[in-house]
Amino acid sequence: MSISVTQVIADNIKKQRNEKKWSQDDLAAKLQIARPTISKWENALSEPSSSQLAEIAKIFGVSTDLMIGNSAKKPEKIMIVDTSVLMKKPVLINELDDIVDEIIIPDIVYKELNFQKDKNTRGSQKQKAWLAMANIQNQLEKPLTKVKMIETQYKHDLNNDEKIATVAKERANQSLLDKIYVYTDDIYFSSLFENYANVKVVTPKTFEDVFPTNNEADPLLMQELFSAVKLNNADAVKRIDETRVDINKLDSETGFTPLILAIRNKNIKMINCLMEKFPNLNLETKDKNRYIFTPLLNACQMQNLEVIKILVEAGADVNMAGSGTNHGNTPLMVCAWEGFIDGVKYLMEQDVSYNQQDNNGYTALHKACIKNKYAIIKLLIPVTDLKIRDHKHRLAIECIDPNNSNSKSLYDLFIKLGKNNE
2 MSISVTQVIA DNIKKQRNEK KWSQDDLAAK LQIARPTISK WENALSEPSS SQLAEIAKIF
62 GVSTDLMIGN SAKKPEKIMI VDTSVLMKKP VLINELDDIV DEIIIPDIVY KELNFQKDKN
122 TRGSQKQKAW LAMANIQNQL EKPLTKVKMI ETQYKHDLNN DEKIATVAKE RANQSLLDKI
182 YVYTDDIYFS SLFENYANVK VVTPKTFEDV FPTNNEADPL LMQELFSAVK LNNADAVKRI
242 DETRVDINKL DSETGFTPLI LAIRNKNIKM INCLMEKFPN LNLETKDKNR YIFTPLLNAC
302 QMQNLEVIKI LVEAGADVNM AGSGTNHGNT PLMVCAWEGF IDGVKYLMEQ DVSYNQQDNN
362 GYTALHKACI KNKYAIIKLL IPVTDLKIRD HKHRLAIECI DPNNSNSKSL YDLFIKLGKN
422 NE
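Take 2 as the starting number for the sequence shown in the working numbering and just add one per residue.
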């Protein structure tokens with residue numbers, strides 16, 4: 002059964018008007034016609050003239066072909082982003098721009114980011130929320146932006162996850178051809194779309210499977226990039242076509258990404274150059290060396306506070322651990338082990354987990370005790386759960402070498418400061 006052009010126009014006028022959240026009176030006012038005319042059009046009782054149709058399309062910001070159903074619309078990839086993934090990766094919006102056709106930020110997500118930004122706490126969570134909001138605003142200001150901020154009327158009894166799901170369902174119902182992706186770190190979302198075949202929940206773990214990385218990087222340009230970074234030649238890096246290289250690729254010789262190479266070279270200029278030139282630079286890509294470290298973990302190992310600050314302010318995860326030997330090492334643990342007190346102090350100003358344990362069961366305090374780092378132990382005792390035991394069933398205090406010359410002063414420190422942590 003074919004549908005008449007009049008009916009197609011009727012359906013499209015109503016659909017476009019509803020998407021704009023306009024009433025029939027609103028549209029009539031914009032067209033300077035009577036409201037009953039709009040009603041007749043939407044009920045397929047009459048249709049607009051060609052000049053009226055062109056004006057309607059202009060007001061809605063679409064083509065006249067679309068209004069009369071002549072456009073062969075290709076299925077689009079629509080990404081709806083949850084707060085959890087934006088807090089983990091504030092630059093995510095920039096990365097998605099090259100992957101999907103439309104990026105939707107539900108109003109509840111923006112409100113959650115704003116809440117995190119304004120919370121009366123210090124640390125990386127506030128910084129990440131601010132960065133995420135800044136990236137969203139920058140994208141919204143672009144002339145041909147793919148980002149849309151969606152405001153929706155929600156039922157009062159819905160939690161925030163269900164509100165985000167409502168936005169996804171409404172967008173899914175607009176076109177069954179389009180594929181709607183909900184990007185979240187919360188697997189609970191999957192249960193909210195059981196009857197929606199065109200909605201798929203994507204998590205950071207499944208993202209690469211759903212959106213495979215383009216591996217068509219020019220091998221010669223990649224060689225040029227790695228060489229330029231190794232030689233600290235920022236000008237050469239600036240001349241490289243960023244669309245033909247994979248900035249997150251590991252160097253076969255060193256096992257490092259270009260960013261980690263720059264960090265190991267202690268080259269601040271190169272680090273800033275890479276972060277400015279490559280918006281899809283992944284701060285969570287780990288190297289292939291012994292400890293399998295992120296860029297931030299490498300900076301902690303190098304005891305480079307300036308680089309640590311640059312990475313954290315750019316949204317690096319302060320709790321992401323290494324995966325190699327002694328896997329589970331967090332930035333705080335590495336700084337504690339190295340005796341890097343300035344790094345410990347800075348990370349303590351962020352949203353770090355003091356009680357996180359590595360594969361030996363060590364907390365940062367355990368590591369400081371093993372390495373006899375008095376000043377760091379003094380900082381960590383008040384904020385760490387002193388009852389945590391490692392896999393050898395040892396408390397942190399039991400990791401102190403009794404043969405060390407200052408072991409007694411360390412025991413006294415636990416007795417003195419530990420009382421406030423009971």
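Just so you know, even glycine gets a beta-carbon here, dropped at the ideal spot from N, CA and C.
Source: prediction; values computed, not measured.
Boundaries (first-last residue) of the beta strand (DSSP E) holding Met80: Lys78 to Val82
Rounded straight-line distance, which links the Cα of Glu142 to that of Tyr412: 58 Å
Is the beta carbon of Ile106 less than 8 Å from the beta carbon of Arg172? no
Would you mind reading off the limits of the beta strand (DSSP E) that contains Val353? Looking at the DSSP string, Val353 is not in any beta strand (DSSP E), and its letter there is neither H nor E.
Same chain, Cβ closer than 6 Å to Val101, neighbours up to 5 away in sequence not counted: Lys78 and Met80
Within 10 angstroms of the Cβ of Val384, are there 16 or more other Cβ atoms? Answer buried if so, exposed if not. exposed
Would you say Asn305 and Lys267 are within 8 Å of each other, going by their C-beta atoms? yes
Would you tell me roughly how many angstroms separate the C-alpha atoms of Ile371 and Leu297, rounded to the nearest one? 23 Å
Are Ile378 and Leu333 touching if we call contact CB-CB under 8 Å? no
With Glu277 as the anchor, note down where its alpha helix (DSSP H) starts and where it stops. Ile269 to Lys278
Run the CB neighbour count on Phe116, radius 10 Å, all protein chains shown included, and call it buried at 16 or more, exposed below. exposed
Which residue wins for smallest C-alpha separation from Val211, given the options Tyr197, Lys180, Ser64 and Asp219? Lys180
Leaving out five residues on either side along the sequence, give the residues of the same chain with a beta carbon under 7 Å from the beta carbon of Lys90. Gly316
Top-ranked residue by Cα proximity to Arg291, from Gly325, Ile272 and Lys22: Gly325
Using a Cβ-Cβ cutoff of less than 7 Å, which residues in the same chain neighbour Asp219 once the five nearest sequence positions on both sides are dropped? Arg245 and Val246
Distance check for Ala11 and Ser3, CA to CA, integer angstroms please. The predicted position of Ser3 is uncertain, since its pLDDT is 48 and thus under 50; no value can be drawn from it.
Residue from Leu282, Leu380 and Asp108 with nearest C-alpha to Lys149: Asp108
Between which two residues does the alpha helix (DSSP H) containing Ile311 stretch? Leu306 to Glu314
Assign Ile261 to one of two classes, buried (16 or more other C-beta atoms within 10 Å of its C-beta) or exposed (fewer than that). buried
Between the CA atoms of Ser24 and Ile53 - distance to the nearest angstrom: The identity of residue 53 in the sequence shown is Gln, whereas the question assumes Ile. Using only the alpha carbons, I get a separation of about 18 Å.
Simplified DSSP assignment, three categories, for Asp203: Here the sequence assigns Val to residue 203, which means Asp is not the residue at that position. Strand, per DSSP.
So, using beta-carbon positions, are Cys301 and Val335 closer together than 8 Å? yes
Through-space distance from Leu193 to Glu350, alpha-carbon basis: 37 Å
For Gln231, the first and last residue of its enclosing alpha helix (DSSP H): It should be noted that the sequence gives Lys, not Gln, for residue 231. Segment Pro220 to Lys231, the alpha helix (DSSP H) holding Lys231.
DSSP three-state call for Ile416: helix, strand or coil? helix
Rounded to whole angstroms, what is the Cα-Cα separation between Asp186 and Pro205? 7 Å
Quick one: what's got a C-beta closer than 8 Å to Gln140's C-beta in the same chain, skipping five residues either side? Ile94, Asn95, Asp98, Ile104, Thr146, Lys147 and Val148
Should Pro213 go down as buried or exposed, given a rule of 16 or more other Cβ atoms within 10 Å for buried? exposed
Spatial neighbours of Ile151 in its chain, beta-carbon cut-off 6 Å, leaving aside the 5 residues before and after: Ile105, Pro107 and Val168
When the Cα of Ile269 is compared with those of Ile311, Gln357, Tyr184 and Val203, which residue comes out closest? Ile311
What are the residues that DSSP puts in a beta bridge with Met68? None, per the DSSP bridge assignment.
With H, G and I counted as helix, E and B as strand and the rest as coil, what does DSSP make of Met334? helix
If the criterion is Cβ atoms closer than 8 Å, does the pair Val82 and Tyr189 meet it? no
When the Cα atoms are used, what is the spatial distance from Lys112 to Asn161? 10 Å
Please tell me whether Ala135 and Leu87 are closer than 8 Å, where the distance is taken between their beta carbons. no
Return the chain-ordered list of same chain residues with a C-beta closer than 6 Å to the C-beta of Cys274, the five sequence neighbours on each side being excluded. Ala235 and Val238
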